[in-house]
Amino acid sequence: MGATAAVVSAGMADPPPCEACEGFVTGEPLRDPPTMTAQGGALDVVMTPRTRTVDIGGRSVSSQTYASKFAAPTWVVNPGDDLNVLLRNRLPAGYLPDVQDLNRFLQPKGAITNLHVHGLHVSPDSPQDNVFLTIRPGQDYQYRYRLPANHPSGVFWYHPHHHRYVDMQTFAGQAGTIIVRGGLDDLPGVGNLRDRVMVFQNTEVRGSSTAGSQSRPPKDRVIIINGQLQPRIDIRPGESQRWRLVNASTERFLKMRPVGGEYFLLARDGVTLRTPQRLSEVFLAPGQRFEVLVRAGTARGDFKLVQEYFQQRPTPFGIQPEVQVATVRVDGAAQARQPVPAVLGPVDDLRGARVDIAARRRVVFTQNPAKAQFFVNGKLFAHDKGGTPVPMFSPRLNTVEEWLLVNDSPEWHNFHIHVDPYQVVARNGRPVTGQPEWADSLAMPPRSRITIRQRFADFTGRFVLHCHVLVHEDNGMMAEVRVVN
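Numbering-wise, the sequence shown is residues 1413 to 1897 according to my numbering.
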């Protein structure tokens, strides 16, 4: 293993040991989340969030999950399918964690919840992706999502989205993956590869994970993959695998250096690239998804996949320490190296003089950390003042708008909008060149400006934009968008 260690470190010191992982089982083979697959044009699902004791690393952890395991099921559907989800809220009535200083908008009404299908291009109205819906403890609600026949293939995910409770419930484990089949699944050199789903989540394993992401200091929080602590990902020398990476953490910006081989980006946030992009690092903002082709090298051994040090904001709680998140084990019979596809598919491009821009707008993220308040264009989300939400923006159906996103604060934020993805066209005034860059969740460095273009296609109705650092969203950094015809 001496030669392997030299490859693993690549001139870098090993990360410090994970203090919160001490006494837990690590290094087990990565297990895929349970899978539920559509049959005959429909997928029918029953989800029951409730307080449970789940196994993480061989020890019992109190949490509030959708199922008996921390890793929620992966839903696999096709364009044109019906996705029917019966959500049964069995979270405790009257439950309110002792973190009101960190989320001052929580109300003693019990664990209110609902469901958001992050990234899916579906209607924002009931019974589909209505995030203004309230489902109280003991209540059931039948969601009926209708995927358009031309829905993009790719990786999406689901999680709660009732304002004030999103961080707390997602941190407790209520998150899972949605795969829409097609596209890359039918491409030679990709569709035939071993397919791994990896859901990255941050949580608390030494007590209860139900209090939210800010309830304990960073050293007491861990990153888990598919409900496992520092699992082992097996790949054979020369083998190519397709990894579907989902950052379902509430606040973690994942910054990881590729180990064990070459990494090629195939798709971002459910939008396939024109051509593969070789990665020198994997950087995933909260809510983002990458599809990555990993081609193992010839050197056998254990390679540490490390979350590198990241300063999310200038406070002790904003430090995300360097920590190992997994081991990539290259071993077994060598495989013939397969070529990476040269072309993946056509991608829309909203750059150029021929694009009719219907409106130009500004979205400015600011904050008052002393009061734990986070603003969009100087305003807290309307719910926070006890009022009825009013739209901040009202785009017209099937038009393209250009928005300037401004992070006028000293910490990282993450811009997410529902229903439609957007294209990044400039950063800090410099045009983005090369192939189109599409996303629905986008990291915004401190004091940065990012210009996007977005087509508001197919659906009218009310939805939201917000920061996907979920404690920011819960504390006001959200605004209503209402698409009108």
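The beta-carbon is built from N, C-alpha and C at its ideal position, and this holds for glycine as well.
Residue i - DSSP class collapsed to helix/strand/coil
i	result
residue 1716	strand
residue 1879	strand
residue 1596	helix
residue 1889	coil
residue 1634	strand
residue 1353	With the chain covering 1413 to 1897 only, the question about residue 1353 has no answer from this structure.
residue 1581	helix
residue 1660	coil
residue 1481	coil
residue 1693	coil
residue 1624	The predicted model places residue 1624 with a pLDDT of 47, which falls under 50 and marks its position as unreliable; any figure quoted below should be read in that light. Here residue 1624 sits in coil by DSSP.
residue 1781	helix
residue 1431	helix
residue 1530	strand
residue 1884	helix
residue 1420	Low confidence applies to residue 1420: its pLDDT is 43, below 50, so where it sits in the model is not reliable, and the reading given next is rough at best. If DSSP states are grouped into helix, strand and coil, residue 1420 belongs with the helices.
residue 1587	coil
residue 1745	coil
When the options are compared against residue i, the one with the closest alpha-carbon
i	options	result
residue 1662	1653, 1825, 1710	1825
residue 1878	1793, 1720, 1547, 1461	1793
residue 1597	1876, 1717, 1611, 1567	1567
residue 1756	1827, 1678, 1773, 1690	1678
residue 1719	1669, 1673, 1711	1669
residue 1705	1465, 1751, 1454, 1660	1751
residue 1686	1501, 1583, 1754, 1437	1754
residue 1554	1853, 1541, 1563	1541
residue 1872	1498, 1505, 1538	1538
residue 1464	1454, 1503, 1774, 1487	1503
residue 1652	1581, 1546, 1673, 1681	1673
residue 1708	1693, 1611, 1741	1741
Rounded Cβ spacing between residue i and residue j (contact assumed at less than 8 Å)
i	j	result
residue 1644	residue 1846	About 36 Å; that fails the 8 Å criterion.
residue 1863	residue 1838	4 Å
residue 1883	residue 1493	Contact doesn't hold; Cβ gap of about 34 Å is too wide.
residue 1609	residue 1469	With a Cβ gap of about 20 Å, residue 1609 and residue 1469 do not count as contacting.
residue 1634	residue 1490	At roughly 35 Å, the Cβ-Cβ gap does not stay under 8 Å, so residue 1634 and residue 1490 are not in contact.
residue 1887	residue 1784	5 Å
residue 1697	residue 1676	That pair is no contact at about 20 Å.
residue 1441	residue 1485	With a Cβ gap of about 19 Å, residue 1441 and residue 1485 do not count as contacting.
residue 1495	residue 1557	4 Å
residue 1584	residue 1460	Not quite, the Cβ-Cβ distance comes to about 14 Å (not below 8 Å), so this is no contact.
Where residue i falls, given that 16 or more other Cβ within 10 Å makes a residue buried
i	result
residue 1606	exposed
residue 1639	buried
residue 1435	exposed
residue 1769	exposed
residue 1833	buried
residue 1472	exposed
residue 1429	exposed
residue 1514	At residue 1514, the pLDDT of 40 sits below 50, so the modelled position is not reliable; the number obtained from the coordinates is stated separately. Under this definition residue 1514 is a buried residue.
residue 1716	buried
residue 1452	exposed
residue 1902	Residue 1902 is absent from the structure shown; the chain starts at 1413 and stops at 1897.
residue 1531	buried
residue 1703	buried
residue 1552	exposed
residue 1842	exposed
residue 1760	exposed
residue 1748	exposed
residue 1771	exposed
residue 1764	exposed
Straight-line gap, residue i to residue j (C-alpha atoms, nearest Å)
i	j	result
residue 1819	residue 1787	11 Å
residue 1823	residue 1858	5 Å
residue 1810	residue 1700	25 Å
residue 1646	residue 1869	41 Å
residue 1897	residue 1801	19 Å
residue 1658	residue 1777	25 Å
residue 1831	residue 1527	14 Å
residue 1893	residue 1866	13 Å
residue 1577	residue 1600	43 Å
residue 1544	residue 1570	15 Å
residue 1561	residue 1829	22 Å
residue 1714	residue 1431	21 Å
residue 1710	residue 1650	6 Å
residue 1840	residue 1856	11 Å
residue 1437	residue 1500	32 Å
residue 1604	residue 1656	14 Å
residue 1475	residue 1782	30 Å
residue 1758	residue 1559	21 Å
residue 1588	residue 1789	31 Å
residue 1744	residue 1791	57 Å
Cβ-heavy atom distance, residue i to the ligand MN, below 7 Å
i	result
residue 1793	In the structure on display, the ligand MN does not appear, and there are no ligands present to speak of.
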